[in-house]
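Asker: In terms of the working numbering, the sequence shown opens at residue 76 and continues consecutively.
A virtual CB, placed ideally from N, CA and C, is assigned to each residue, including glycine.
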Amino acid sequence: MISRSLRTLTLVFLFFFVLATLTTGFGIYFATLRTIDHMVVQRITGMSETLAPEGGGFSASGISRRIRVAAHDRDTADLGFILLKNGRQIAGNVRVSRPLPLGVSSVDLADDIKGLSHGRVMVRDLGGGLKLAVIAETEPFDNYNAARKRIYLLGFGSIILIALAAATTFTLIIRQRIIEMRRTVDAIFEGDLSQRVPGSDPHTAFGQQAQAFNRMLDRINHLMEEIRNVTNGVAHELRTPLARLRNQLNLIAHDPKAAPVRDRIDEAQAEADGLLNLFSALLRIAEIDSGARRENFATVNLADLVAECVEALDAVLDDSGHPIAELSLEPAIVNGDAQLLSQMIVNLVENAVRHTPAGSEIRITLSGASAGWAILIVSDNGPGIAPADRAKALDRFGRLSGGGDVKGHGFGLPLVASIARLHGGSIELGDARPGLQVSVTLPAA
Numbered sequence: 076m077i078s079r080s081l082r083t084l085t086l087v088f089l090f091f092f093v094l095a096t097l098t099t100g101f102g103i104y105f106a107t108l109r110t111i112d113h114m115v116v117q118r119i120t121g122m123s124e125t126l127a128p129e130g131g132g133f134s135a136s137g138i139s140r141r142i143r144v145a146a147h148d149r150d151t152a153d154l155g156f157i158l159l160k161n162g163r164q165i166a167g168n169v170r171v172s173r174p175l176p177l178g179v180s181s182v183d184l185a186d187d188i189k190g191l192s193h194g195r196v197m198v199r200d201l202g203g204g205l206k207l208a209v210i211a212e213t214e215p216f217d218n219y220n221a222a223r224k225r226i227y228l229l230g231f232g233s234i235i236l237i238a239l240a241a242a243t244t245f246t247l248i249i250r251q252r253i254i255e256m257r258r259t260v261d262a263i264f265e266g267d268l269s270q271r272v273p274g275s276d277p278h279t280a281f282g283q284q285a286q287a288f289n290r291m292l293d294r295i296n297h298l299m300e301e302i303r304n305v306t307n308g309v310a311h312e313l314r315t316p317l318a319r320l321r322n323q324l325n326l327i328a329h330d331p332k333a334a335p336v337r338d339r340i341d342e343a344q345a346e347a348d349g350l351l352n353l354f355s356a357l358l359r360i361a362e363i364d365s366g367a368r369r370e371n372f373a374t375v376n377l378a379d380l381v382a383e384c385v386e387a388l389d390a391v392l393d394d395s396g397h398p399i400a401e402l403s404l405e406p407a408i409v410n411g412d413a414q415l416l417s418q419m420i421v422n423l424v425e426n427a428v429r430h431t432p433a434g435s436e437i438r439i440t441l442s443g444a445s446a447g448w449a450i451l452i453v454s455d456n457g458p459g460i461a462p463a464d465r466a467k468a469l470d471r472f473g474r475l476s477g478g479g480d481v482k483g484h485g486f487g488l489p490l491v492a493s494i495a496r497l498h499g500g501s502i503e504l505g506d507a508r509p510g511l512q513v514s515v516t517l518p519a520a
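1) Expressed to the nearest angstrom, what Euclidean distance is found between the alpha-carbon atoms of serine 180 and valine 196?
2) Using a beta-carbon distance below 8 Å, is leucine 351 in contact with chain C?
3) With DSSP as the reference, label glutamate 503 as helix, strand or coil.
4) Would you mind stating whether isoleucine 188 and valine 171 have Cβ atoms separated by less than 8 Å?
5) If you follow the alpha helix (DSSP H) that histidine 193 is in, where does it begin and where does it stop?
6) For isoleucine 360, which of Ala492, Ala135, Val513 has the nearest alpha-carbon?
7) Provide the residue span of the beta strand (DSSP E) that contains glycine 411, from first to last.
8) Can you tell me whether aspartate 455 is buried or exposed? The criterion is at least 16 other CB atoms within 10 Å of its CB, across all chains shown.
9) Alpha carbon to alpha carbon, how far is isoleucine 111 from arginine 118? Give it in angstroms, no decimals.
10) At which residue ranges does the region 445-474 contain complete alpha helix (DSSP H) runs of 4 or more residues, listed in the order of the chain?
11) Once DSSP output is grouped into helix, strand and coil, what is the label at leucine 441?
12) Return the chain-ordered list of same chain residues with a C-beta closer than 8 Å to the C-beta of leucine 416, the five sequence neighbours on each side being excluded.
13) When you compare only the Cα positions, how much space is there between alanine 347 and proline 432?
14) Any idea if serine 134 is buried or exposed, counting beta-carbon neighbours within 10 angstroms, 16 or more meaning buried?
15) In three-state DSSP terms, what is lysine 160?
16) Mind reading off the beta-carbon distance from valine 115 to threonine 213? Whole number of angstroms is fine, and I expect it under 8 Å.
17) Taking the CB atoms as reference points, tell me whether serine 514 and isoleucine 452 lie closer together than 8 Å.
18) Since leucine 469 and proline 489 are thought to touch, with beta carbons under 8 Å apart, how far apart are those beta carbons, to the nearest angstrom?
19) With DSSP run on the structure shown, which of helix, strand or coil describes threonine 85?
20) Straight-line CA distance for glycine 483 to alanine 280?
21) For asparagine 325, count neighbouring Cβ atoms within 10 angstroms of its own Cβ and tell me buried if that reaches 16, exposed if not.
22) How many whole angstroms separate the CB atoms of methionine 291 and leucine 268, which I take to be in contact at a CB cut-off of 8 Å?
23) Since alanine 407 contacts alanine 519 with CB under 8 Å, what's their CB separation in whole angstroms?
24) With a threshold of 7 Å on Cβ separation, who are the neighbours of glycine 137 within its own chain once the five nearest residues in sequence on each side are excluded?
25) How far does the beta strand (DSSP E) with proline 518 in it reach, from first residue to last?
26) How is the beta strand (DSSP E) around aspartate 74 delimited, first residue to last?
27) Got a sec? Which residues, its chain only, sit under 6 Å from valine 93 by beta carbon, not counting five neighbours each side?
28) According to DSSP, is alanine 433 part of a helix, a strand, or is it coil?
29) Among residues of its own chain, excluding the 5 on either side of glycine 447, which ones have a beta-carbon nearer than 8 Å to its beta-carbon?
30) Determine the DSSP secondary structure at alanine 152, reduced to helix, strand or coil.
31) Is any heavy atom in the ligand GTP found nearer than 7 Å to the beta carbon of lysine 224?
32) Among all the DSSP beta bridges, which residues are the ones paired with asparagine 325?
33) Between which residues of its own chain and glycine 232 is the CB-CB distance below 6 Å, once the five residues before and five after are set aside?
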């Protein structure tokens, strides 16, 4: 996405730059033509006034004499002169193959004027049947316009190529910086908070941005470590006295004198077990989120693992009255921790058992050929979860309203989500119509 956006911005910049360059080039080219044409017209107009001043007082012989002088003068020898009387040329240094119109017009190779390819001519009616034509070349040398086009093409073409190279280089530099930052963000998202954006020159904008980003990551990592230490510390410190309390309750339960209150003791033991499970889940999630278990990753046949977990849960499913209505497993190989993946599968099935009434059906499907992803779906036909509550169901300690007497610490689905994230995957809650559908997507190996 980022690369596509950056490439689009670069192409848009190059398009407008090339458009501006071409517009400038054409503008300069035509402005040059107009300037040269204006200067040539001014010159031939001035020369015509010199040969035959306005107001009269000249004769054909006088004009002819001035033409001969001008034709041999160094400053005006490049001009062409024609003096006509009653349509017949009586003086001049060039001839034309067609009648020339009055005023300013153009001449070219078709007019068969010796030494001229493109030019302008000024024709004046002097009266008495006399007409004076002054011709000037608009190209100072042969193929001048063609040479000028080549010069413009080379000049502005070089500018465009340089801009293209600069834009490409700039895009590659920006893209590399974005890739480095995205790689760091992906690593942090997977739980490795030690990753940092590669450092560079602190005197550059990129270097300063990297340093600011890394300082932010240092602060976040420090805060996360403090939270993790508090959570782990509380869990560790409370597990020991809770375990001792559980053992004491167990001893008391076996004392004959405790028979009258044995039901209360059993309830207390169940509460103690629930607290121990809660702290175990806290420590488990903290361990998973730290990314430490990634070192145990290996190739895992997910289809075989799901089958083994379902087989191990057969007794639980039979006792609770939750039959497996569908078990469809396609071959799927993933890279991960087999123990954590087993716990994820067990949690998904137990979640369906715990939150649906007896007799509800559970369906388990695994697809392994979805564009490089393995998708595990566990669904039931129970009450399900309202769309507004699904995000809350993935929160730690998330207890939904209307949960009734269902017991639990609210860490089942959050633990599944943590395991999925550790493996580079995701979890999504949907509607099974009726019931809840939990989809876990993992990258295939």
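Answerer: Let me spell this out:
1) The sequence position of residue 180 within the sequence shown is 105, counting from 1. The sequence position of residue 196 within the sequence shown is 121, counting from 1. Take the alpha-carbon of serine 180 and the one of valine 196: they are about 5 Å apart.
2) Here there is only one protein chain, and chain C is not present.
3) Taking the sequence shown and counting its residues from 1, the one referred to as residue 503 is at position 428. Annotated three-state conformation of glutamate 503 is strand, per DSSP.
4) Looking up residue 188 in the sequence shown gives position 113. Looking up residue 171 in the sequence shown gives position 96. Yes, Cβ-Cβ distance for isoleucine 188 and valine 171 is below 8 Å.
5) If you number the sequence shown from 1, residue 193 lands on position 118. Premise fails: histidine 193 lies in the beta strand (DSSP E), 193-202, not in any alpha helix (DSSP H).
6) Taking the first residue of the sequence shown as position 1, residue 360 is located at position 285. Relative to isoleucine 360, the option among Ala492, Ala135, Val513 whose CA is nearest is Ala492.
7) Here the question's residue 411 lines up with position 336 in the sequence shown. 408-411 is the span of the beta strand (DSSP E), which, as asked, contains glycine 411.
8) Indexing the sequence shown from 1 puts residue 455 at position 380. Counting Cβ neighbours within 10 Å, aspartate 455 comes out buried, since at least 16 surround it.
9) If you number the sequence shown from 1, residue 118 lands on position 43. If you number the sequence shown from 1, residue 111 lands on position 36. When rounded, the separation of the alpha-carbon atoms in arginine 118 and isoleucine 111 is 11 Å.
10) Counting only runs of 4 or more, we get 465-468.
11) By one-based count along the sequence shown, residue 441 stands at place 366. Reduced to three states, the DSSP call for leucine 441 is strand.
12) Here residue 416 is taken as the residue at index 341 of the sequence shown, counted from 1. Answer for leucine 416: Val375, Leu377, Leu380, Val409, Ile494, His498, listed in chain order.
13) Within the sequence shown, residue 347 is the residue found at index 272, counting from 1. Within the sequence shown, residue 432 is the residue found at index 357, counting from 1. A straight line joining the alpha-carbon of alanine 347 with that of proline 432 spans about 25 Å.
14) If you number the sequence shown from 1, residue 134 lands on position 59. The residue in question, serine 134, is exposed, as its Cβ has fewer than 16 Cβ neighbours within 10 Å.
15) As a position in the sequence shown, residue 160 is number 85, starting the count at 1. Correct three-state label for lysine 160: strand.
16) On the sequence shown, position 40 is the one that residue 115 refers to. On the sequence shown, position 138 is the one that residue 213 refers to. The distance from the Cβ of valine 115 to that of threonine 213 is about 5 Å, consistent with a contact at the 8 Å cut-off.
17) Numbered from its first residue, the sequence shown carries residue 514 at position 439. Numbered from its first residue, the sequence shown carries residue 452 at position 377. The Cβ atoms of serine 514 and isoleucine 452 sit closer than 8 Å to each other.
18) Your numbering for residue 469 matches position 394 in the sequence shown. Your numbering for residue 489 matches position 414 in the sequence shown. Yes, leucine 469 and proline 489 are in contact; Cβ-Cβ is about 6 Å, under 8 Å.
19) Residue mapping note: residue 85 aligns to position 10 of the sequence shown, counting from 1. Looking at threonine 85 - three-state DSSP - the assignment turns out to be helix.
20) The residue given as residue 483 occupies position 408 in the sequence shown. The residue given as residue 280 occupies position 205 in the sequence shown. Residue placement at glycine 483 is poorly supported in this model, since its pLDDT is 49, which falls under 50; the coordinates still yield a value, given next. Rounded to whole angstroms, glycine 483 and alanine 280 show a C-alpha spacing of 51 Å.
21) The count along the sequence shown starts at 1 and reaches residue 325 at position 250. Exposed is the call here.
22) Taking the first residue of the sequence shown as position 1, residue 291 is located at position 216. Taking the first residue of the sequence shown as position 1, residue 268 is located at position 193. About 12 Å; that fails the 8 Å criterion.
23) Mapped onto the sequence shown, residue 407 falls at position 332. Mapped onto the sequence shown, residue 519 falls at position 444. In this structure, alanine 407 and alanine 519 form a Cβ contact; the two beta carbons are roughly 6 Å apart against a cut-off of 8 Å.
24) Position 62 of the sequence shown, counted from the start, is the residue given in the question as residue 137. Excluding positions up to five away in sequence, the list is empty.
25) As a position in the sequence shown, residue 518 is number 443, starting the count at 1. Where proline 518 is concerned, the enclosing beta strand (DSSP E) stretches over 511-518.
26) Residue 74 lies beyond the range of the chain shown here (76 to 520); nothing can be said about it.
27) Counted from its first residue, the sequence shown places residue 93 at position 18. Non-local beta-carbon contacts of valine 93 in its own chain, meaning distances under 6 Å to residues more than five positions away in sequence, involve Ile235 in chain order.
28) Start at 1 with the first residue of the sequence shown, and residue 433 comes out as number 358. Here alanine 433 sits in coil by DSSP.
29) Residue mapping note: residue 447 aligns to position 372 of the sequence shown, counting from 1. Pro518, Ala519.
30) By one-based count along the sequence shown, residue 152 stands at place 77. DSSP places alanine 152 in coil when its eight states are reduced to three.
31) The ligand GTP is not among the ligands present in this structure, which contains no ligands whatsoever.
32) Here residue 325 corresponds to residue number 250 of the sequence shown, with the count starting at 1. Note: asparagine 325 sits in no beta bridge, so no partner.
33) Here residue 232 corresponds to residue number 157 of the sequence shown, with the count starting at 1. When the five nearest sequence neighbours on each side are left out, no beta carbon in the same chain lies closer than 6 Å to the beta carbon of glycine 232.
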